[in-house]
Amino acid sequence: MPNDRADSTADRRGGATNGHRSADDLLASLPAEFGKAISNGHAAADDDDGLTDVNGLRPGDEGYSPFNRPSVNAKHAEDARYGSQCAATVVGGLYAAEHAVATGKLTRGKGGYDAVAALRSILVADALALGLIDHTPSEADVGRWYADRGQEWEQSEATVRRAGLRAATKGLDPNRKVALTTIDALATGGEPWALAVIETARAENTYAAVMGDRKHRPVSLTAAELWERGAPSDAIVALPDATTVALGESARIVRAWDAEDRLRATEHARATEAAKAVAAIDIPGRIDLATYTPPDTAWLVDELMPMDGSLGLFAERKAGKTTTVVELVRAVLGGGEFLGRFATHLPAGARVALLDTEMTPAMLHHEYTKVGVDADSLTRIDLHPLRGRSRLLDLRDETTRARWRELIAPGSVIIVDCLYTVLAAAQVDESSAQVSDIIDGIKALAVECAAAGLVVVHHLGKDPTKGARGHSSIEGSVDTLATIRLDGPPAADTPRLFSATGRLDVDVPAALLSRGEDNRLTLSANTPKSDRARAVAHKDDDITWSLINEHPGLSLRSLEELPAETRKLSRTRLRRSLERLDTLGYVINQGTDRRPAWHAADRDGNPYVNPAD
1 MPNDRADSTA
11 DRRGGATNGH
21 RSADDLLASL
31 PAEFGKAISN
41 GHAAADDDDG
51 LTDVNGLRPG
61 DEGYSPFNRP
71 SVNAKHAEDA
81 RYGSQCAATV
91 VGGLYAAEHA
101 VATGKLTRGK
111 GGYDAVAALR
121 SILVADALAL
131 GLIDHTPSEA
141 DVGRWYADRG
151 QEWEQSEATV
161 RRAGLRAATK
171 GLDPNRKVAL
181 TTIDALATGG
191 EPWALAVIET
201 ARAENTYAAV
211 MGDRKHRPVS
221 LTAAELWERG
231 APSDAIVALP
241 DATTVALGES
251 ARIVRAWDAE
261 DRLRATEHAR
271 ATEAAKAVAA
281 IDIPGRIDLA
291 TYTPPDTAWL
301 VDELMPMDGS
311 LGLFAERKAG
321 KTTTVVELVR
331 AVLGGGEFLG
341 RFATHLPAGA
351 RVALLDTEMT
361 PAMLHHEYTK
371 VGVDADSLTR
381 IDLHPLRGRS
391 RLLDLRDETT
401 RARWRELIAP
411 GSVIIVDCLY
421 TVLAAAQVDE
431 SSAQVSDIID
441 GIKALAVECA
451 AAGLVVVHHL
461 GKDPTKGARG
471 HSSIEGSVDT
481 LATIRLDGPP
491 AADTPRLFSA
501 TGRLDVDVPA
511 ALLSRGEDNR
521 LTLSANTPKS
531 DRARAVAHKD
541 DDITWSLINE
551 HPGLSLRSLE
561 ELPAETRKLS
571 RTRLRRSLER
581 LDTLGYVINQ
591 GTDRRPAWHA
601 ADRDGNPYVN
611 PAD
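In full-length UniProt numbering, the protein residues as written are 1 to 613.
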């Protein structure tokens with residue numbers, strides 16, 4: 001580069017002292033670019049602008065690199081030693097503690113200072129929020145700060161959250177663990193803050209269980225978590241550290257919570273399903289009884305069982321429940337009278353659904369054919385033998401009833417024989433209120449099937465005068481309550497008394513049941529007292545007729561003189577019986593009035609009826 005200044009100064013050499021020029025003169029003679037880098041014909045720019053790269057090139061020169069300038073390299077060197085000039089996101093606990101001393105937030109030697117200083121790394125944002133530092137340092141600032149103290153700063157992720165940092169300012173080790181069982185004991189004792197902590201822990205445990213997150217089960221809580229949930233710092237300091245034994249006890253508490261949550265969830269699900277069921281119910285509208293005109297009562301069995309109604313048939317053990325049910329089925333299917341007295345009105349083609357829990361199909365076939373039920377009627381019996389499978393009649397749930405609805409023809413007469421075995425199979429104490437739930441399920445099925453009638457068979461209690469065996473709801477659940485009682489000690493020949501009472505003024509006084517030669521049952525129109533007398537007379541007449549048949553030609557006196565074990569009757573009863581048989585023509589005197597000789601005649605008809613008539 002041309003330098004004009006060099007020529008002009010050469011003419012002033014005459015100003016030198018002792019052959020030497022003065023310093024001022026020498027400086028004045030230096031070129032203007034002296035001491036500056038020259039590159040590509042350019043004088044180096046002032047170092048202060050920092051734009052010249054290490055090769056002396058300036059912006060615009062070919063090969064210029066803004067990233068290879070001395071100032072940039074110096075910054076890189078500094079970054080390599082202390083860190084970047086970018087804003088730091090984390091600082092060490094000691095850095096925050098010392099700056100907090102400067103801001104007056106902490107005091108050296110106090111618990112808060114020690115706890116914060118012990119933290120490995122904290123977020124700058126958290127330190128700013130809590131006032132521990134008053135500015136955001138660069139990474140290099142933090143590194144230089146530690147280097148000035150002979151330490152090396154290594155960045156890492158924050159080891160504590162803001163809540164933990166806040167707890168540390170109170171002198172707490174935020175990561176110290178306390179077993180859940182310790183807090184639970186305090187909550188049981190009524191400690192308010194412990195109650196709040198346990199409530200939150202239960203909620204967290206429920207969420208963790210649902211999400212399948214076993215790591216976040218609250219078997220222990222850190223001091224930071226306790227502080228965040230409202231536990232006082234002095235109380236936290238006093239709590240013991242978690243031990244293996246305490247953590248085991250805590251795990252049991254968490255498992256108990258899980259079990260309670262499952263039960264609560266089940267109850268909630270049931271309540272929800274119940275609410276849905278209720279919402280789906282079509283509730284009948286209001287009826288004004290003042291203006292309501294009831295239709296004529298339609299009877300399935302006249303004066304005994306209304307159409308669409310229910311009959312409870314309750315009997316003593318071996319008193320004839322099955323026999324009476326067979327008689328009812330025979331009557332309604334054949335259109336005849338029930339017990340020879342009550343007309344039946346089952347619609348043509350309607351069926352009987354027989355749900356029997358006590359007898360085998362072979363036994364039932366014998367009973368129905370014995371009384372002469374014809375093939376057409378037998379075909380209309382839908383027998384479901386449930387012996388040993390009574391649990392299938394636990395109809396408290398909709399699903400089971402829906403299955404039965406598929407099997408029972410609409411408009412059928414449904415017969416459940418016997419309720420006792422259903423209760424036992426469902427493990428329901430017959431004296432408990434749950435009995436009504438079982439019966440309600442059976443009645444619901446009848447309604448859903450639009451049944452022409454429902455018959456529920458059950459046992460009378462040990463004391464038959466006190467009604468059906470079990471809970472009082474059994475008798476109250478049916479429209480008509482019919483009973484069969486033994487009129488004497490249990491025996492095959494003990495008279496049976498039938499009675500009925502119920503809604504729609506049903507009232508059938510107790511009367512004697514009799515089985516005819518055709519094995520069908522009839523109900524006497526007489527009172528039990530007169531029927532009992534007739535039954536005794538009938539029995540005496542049978543004995544007397546047999547006695548005369550075995551000892552023909554004897555007079556009454558000769559018959560009376562027979563041994564007591566042979567005649568089996570007192571003389572008075574024998575005389576009265578002979579008079580009745582003579583009147584009916586069942587015995588003939590082939591002697592004279594003075595010397596009678598009695599012989600047995602043939603007996604026609606039903607001896608259970610004829611002698612009494």
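For each residue, glycine too, the CB sits at the ideal point set by N, CA and C.
For the candidate residues the options, whose alpha-carbon lies nearest to that of residue i?
i           : options                   : result
A140        : A168, V90 and R571        : V90
residue 614 : I588, D593 and T592       : Absent from the structure is residue 614, since the part of the chain shown begins at 1 and ends at 613.
G453        : H345, E249, E358 and Q434 : H345
L497        : R380, K321 and I408       : K321
A492        : A402, E316 and G56        : E316
H459        : C418, V506, G476 and K443 : C418
G164        : L355, A127, D374 and L513 : A127
K450        : I408, G476, V332 and S431 : The identity of residue 450 in the sequence shown is Ala, whereas the question assumes Lys. Among I408, G476, V332 and S431, the Cα nearest to that of A450 is on I408.
L513        : A343, F338, L383 and S377 : F338
R161        : T206, H135, L581 and E225 : E225
V197        : Q155, P232 and E398       : P232
So, at 6 Å on beta carbons, what are the nonlocal neighbours of residue i in its own chain, with the 5 sequence-adjacent residues on each side left out?
i           : result
R396        : D437 and G441
T200        : R229
A194        : I183, L186 and A187
D374        : none
residue 622 : A question about residue 622 goes unanswered here, because the residues of the chain that appear run from 1 up to 613.
G502        : D479, T480 and L481
N175        : T222
H599        : P552, I588 and Q590
S250        : A179, L180, T181 and V219
K568        : I543
P137        : A88
Going by other Cβ atoms of all chains shown within 10 Å of its Cβ, with 16 needed for buried, is residue i buried or exposed?
i    : result
E228 : buried
R595 : exposed
A117 : buried
V447 : exposed
I38  : Note that I38 scores a pLDDT of 44, beneath 50, so its modelled location is shaky; the value from the coordinates is reported in the next line. The residue in question, I38, is exposed, as its Cβ has fewer than 16 Cβ neighbours within 10 Å.
H538 : buried
G83  : buried
T583 : exposed
D593 : exposed
L263 : exposed
S524 : buried
T243 : exposed
Pick helix, strand or coil for residue i, following the three-state DSSP scheme.
i           : result
P385        : strand
S412        : coil
T544        : helix
L239        : coil
K177        : strand
residue 636 : Outside the shown range of the chain, which is 1 to 613, sits residue 636, and nothing can be said about it.
S499        : strand
G488        : coil
V332        : helix
A315        : strand
residue 646 : Because the chain here runs from 1 to 613, residue 646 falls outside it and cannot be looked at.
D184        : helix
T9          : With a pLDDT of 38 at T9, under the threshold of 50, the modelled position of this residue cannot be trusted, and the question is left open.
D49         : helix
D613        : Only weak support exists for where D613 lies, its pLDDT of 35 falling under 50; the coordinates are left without a value.
R515        : strand
V352        : strand
S220        : strand
Near residue i, which residues of its chain fall below 7 Å by C-beta distance, leaving aside the five closest residues on each side in sequence?
i    : result
R108 : V101
Q434 : V428
R391 : A425 and A426
A45  : Unreliable placement is indicated for A45, whose pLDDT of 45 sits below 50; no coordinate value is reported for it.
P361 : L383 and P385
Tell me the DSSP bridge mates of residue i?
i           : result
I588        : H599
T344        : V301
S477        : Its beta-bridge partners do not exist; DSSP assigns none.
I122        : V91
residue 635 : With the chain running from 1 to 613 in the structure shown, residue 635 is simply not present.
D507        : T501
Relative to the ligand MG, is the shortest distance from any of its heavy atoms to the C-beta of residue i smaller than 7 Å?
i    : result
H216 : Ligands in the displayed structure: none, and consequently the ligand MG is not present.
For residue i, which residues in the same chain have their Cβ closer than 8 Å to its Cβ, ignoring the five residues on either side in sequence?
i           : result
S555        : G591, R595, P596, A597 and W598
residue 627 : The chain is shown from 1 up to 613; residue 627 falls before or after that span and cannot be answered.
A279        : none
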